[in-house]
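In full-length UniProt numbering, the protein residues as written are 1 to 334. The beta-carbon is built from N, C-alpha and C at its ideal position, and this holds for glycine as well. Since this is a predicted model, take the numbers as computed values, not measurements.
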């Protein structure tokens, strides 16, 4: 689910110029989200993709932005952000001296000093009509995001006193669009978003994808076989169904296992020590906080689930083989 960044296209407009990637996995599940987001954006409304970590919200945001055909301004939410980090601030001074010696016996000098204003990402996007992707915006304090209220509703951006000039505002470019992503509020490092901002957004809930979509994503992102991808997806979905750690492991974890497995030339089978070791190391990171009496209780459970899924896969293969043999036998008798 990659998006190609082409820095040579439309260089006159700052920001990333995106093109839809041929490697982006499109299934009915994903296509429904993309089409809905595009419809809301084209109607002039900002879109908010909300859901657990690792569900592909940022990738979807980039893909949707690429479909719009506009340059992208990317902002990552940060607890240290203030309003000035979004709109801009005075970043230095310029000094100018003028010497007038037109009359030989008279020397006149004039010195002027003024502050230099530097526009930050939100102001740039509003001026030139970029697509703003505000990734994990609820990691920024709500008071810093208040500047977005007039941008999204009235189409104006308030600018404080800058460069010696009076404070004022700029009109937002008619092609400006905004896509927000966020994790649930219970996640560490996130803030509760003000109702006034949420009221201006069209929120699309992003959940874990269906099994078939996750299998296709693993194949596209790692190049492993479908059989191996099915095994990995079944393992992460089994662990996820236990509900012990905020919807984890996510599809991101599955991609990690698949890529490492492909790099090491292993196969998703219990008999393969490479696969067992990869699962142990990668999946432990998702369950390391699950303890009882100070001891990790999920390590044995992970091994049990990996073995169970692999054995189930082998059993299905054997049953399929026996069915084929029986069918061939019946056919031969005829």
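Counting C-beta neighbours from all protein chains within 10 Å, is the total for residue i 16 or more, i.e. buried, or is it exposed?
{"i": "residue 116", "result": "exposed"}
{"i": "residue 3", "result": "With a pLDDT of 49 at residue 3, under the threshold of 50, the modelled position of that residue is not reliable, and the figure given next carries that caveat. So residue 3 counts as buried."}
{"i": "residue 253", "result": "buried"}
{"i": "residue 169", "result": "exposed"}
{"i": "residue 15", "result": "buried"}
{"i": "residue 152", "result": "buried"}
{"i": "residue 315", "result": "exposed"}
{"i": "residue 333", "result": "Unreliable positioning characterises residue 333 in this predicted model, as indicated by a pLDDT of 47, which lies under 50. The coordinate reading is nonetheless provided below. So residue 333 counts as exposed."}
{"i": "residue 43", "result": "exposed"}
{"i": "residue 22", "result": "exposed"}
{"i": "residue 77", "result": "buried"}
{"i": "residue 248", "result": "buried"}
{"i": "residue 273", "result": "exposed"}
{"i": "residue 174", "result": "exposed"}
{"i": "residue 284", "result": "exposed"}
{"i": "residue 35", "result": "exposed"}
{"i": "residue 228", "result": "buried"}
{"i": "residue 177", "result": "buried"}
{"i": "residue 136", "result": "buried"}
Whose CA, out of the options, lies closest to the CA of residue i?
{"i": "residue 83", "options": "157, 182, 313, 46", "result": "157"}
{"i": "residue 70", "options": "147, 130, 214", "result": "130"}
{"i": "residue 52", "options": "250, 169, 121", "result": "250"}
{"i": "residue 181", "options": "238, 281, 198", "result": "198"}
{"i": "residue 145", "options": "183, 118, 87, 127", "result": "87"}
{"i": "residue 62", "options": "122, 134, 42", "result": "134"}
{"i": "residue 208", "options": "46, 241, 64, 45", "result": "241"}
{"i": "residue 49", "options": "57, 89, 43", "result": "57"}
{"i": "residue 39", "options": "154, 307, 65, 136", "result": "65"}
{"i": "residue 125", "options": "171, 33, 277, 265", "result": "171"}
{"i": "residue 271", "options": "263, 299, 313, 74", "result": "313"}
{"i": "residue 81", "options": "229, 122, 259", "result": "122"}
{"i": "residue 41", "options": "224, 200, 259", "result": "200"}
{"i": "residue 72", "options": "19, 140, 280, 284", "result": "19"}
{"i": "residue 89", "options": "308, 118, 275", "result": "118"}
{"i": "residue 226", "options": "141, 193, 267, 143", "result": "267"}
{"i": "residue 237", "options": "276, 193, 305", "result": "305"}
{"i": "residue 45", "options": "183, 155, 300, 239", "result": "155"}
{"i": "residue 373", "options": "298, 32, 183", "result": "The structure shown does not extend to residue 373, since the chain is modelled only from 1 to 334, so the question has no answer here."}
Do residue j and residue i have their beta-carbon atoms positioned less than 7 Å apart in this structure?
{"i": "residue 206", "j": "residue 55", "result": "yes"}
{"i": "residue 213", "j": "residue 29", "result": "yes"}
{"i": "residue 138", "j": "residue 59", "result": "no"}
{"i": "residue 148", "j": "residue 196", "result": "no"}
{"i": "residue 302", "j": "residue 282", "result": "no"}
{"i": "residue 211", "j": "residue 269", "result": "no"}
{"i": "residue 26", "j": "residue 179", "result": "no"}
{"i": "residue 278", "j": "residue 255", "result": "no"}
{"i": "residue 262", "j": "residue 224", "result": "yes"}
{"i": "residue 194", "j": "residue 160", "result": "no"}
Measuring only from the beta carbon, is residue i closer than 6 Å to any heavy atom that is part of the ligand NAD?
{"i": "residue 36", "result": "Judged by which ligands are present, the structure shown has none, so any question about the ligand NAD falls away."}
Practice task
Ignoring anything shorter than 4 residues or poking outside the region 190-222, list the alpha helix (DSSP H) runs there in chain order.
Solution key: 195-198, 211-222
Exercise for the section: Flag this pair as touching only if the region 230-245 and the region 197-206 have three or more C-beta atom pairs under 8 Å; answer yes or no. Expected result: no
Practice task
For the region 50-92, list the alpha helix (DSSP H) runs that are entirely contained and at least 4 residues long, ordered along the chain.
Solution key: 57-68, 83-87
Handout entry: Three CB pairs or more closer than 8 Å across the region 219-231 and the region 179-199
Key = no
Exercise for the section: Let me know the alpha helix (DSSP H) ranges lying completely inside the region 118-194, each 4 residues or longer, listed in chain order. Expected result: 121-128, 142-145, 148-153
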